[in-house]
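K.L.:
In the working numbering, the protein residues as written are 5 to 83.
Each residue gets a CB set at the ideal place from its N, CA and C atoms; glycine is no exception.
Since we're looking at a predicted model, the values are computed, not measured.
#1: Taking 8 Å as the cut-off, does the segment 54 to 65 touch the segment 36 to 45 (at least 3 CB pairs, one atom from each stretch)?
#2: How many whole angstroms separate the CB atoms of residue 34 and residue 8, which I take to be in contact at a CB cut-off of 8 Å?
#3: Would you mind reading off the limits of the alpha helix (DSSP H) that contains residue 25?
#4: Who does residue 56 pair with in a DSSP beta bridge?
#5: Please report how far the alpha carbon of residue 78 lies from the alpha carbon of residue 32, in whole angstroms.
#6: Please state whether the Cβ-Cβ distance between residue 82 and residue 56 is less than 8 Å.
#7: Can you say whether residue 52 is buried or exposed, counting buried as having 16 or more other CB atoms within 10 angstroms of its CB?
#8: How is the beta strand (DSSP E) around residue 76 delimited, first residue to last?
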């Protein structure tokens with residue numbers, strides 16, 4: 005659960021970490037849930053793209069500080 009705690013601290017702060025520590029989950033449970041969520045999101049996006057007549061996509065990649073990369077993807081669907 006250390007990775008989950010790092011994400012919570014980064015996104016929500018130290019107070020939220022205290023709450024997340026109370027949840028008894030194993031690393032494999034968290035891993036499995038993250039995989040399930042990402043697969044579900046991927047399926048939903050594919051279905052939306054297939055159902056639309058056309059779409060436009062813009063990708064922007066940048067680097068924060070010297071070592072953190074970030075990628076932004078914007079999609080515009082026309083149906």
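P.N.:
Looking at the atomic coordinates:
#1: With the cut-off at 8 Å, the segment 36 to 45 and the segment 54 to 65 do not touch.
#2: The Cβ separation is near 5 Å, so the contact holds.
#3: Annotation for residue 25: the continuous alpha helix (DSSP H) segment containing it runs 18 to 25.
#4: Bridge partners of residue 56: none, in fact.
#5: For the pair residue 78 and residue 32, the Cα-to-Cα distance works out to about 31 Å.
#6: By the CB criterion at 8 Å, residue 82 and residue 56 fall inside the cutoff.
#7: By the neighbour-count rule (16 or more Cβ atoms within 10 Å), residue 52 is not buried but exposed.
#8: That run of the beta strand (DSSP E) goes 72 to 82.
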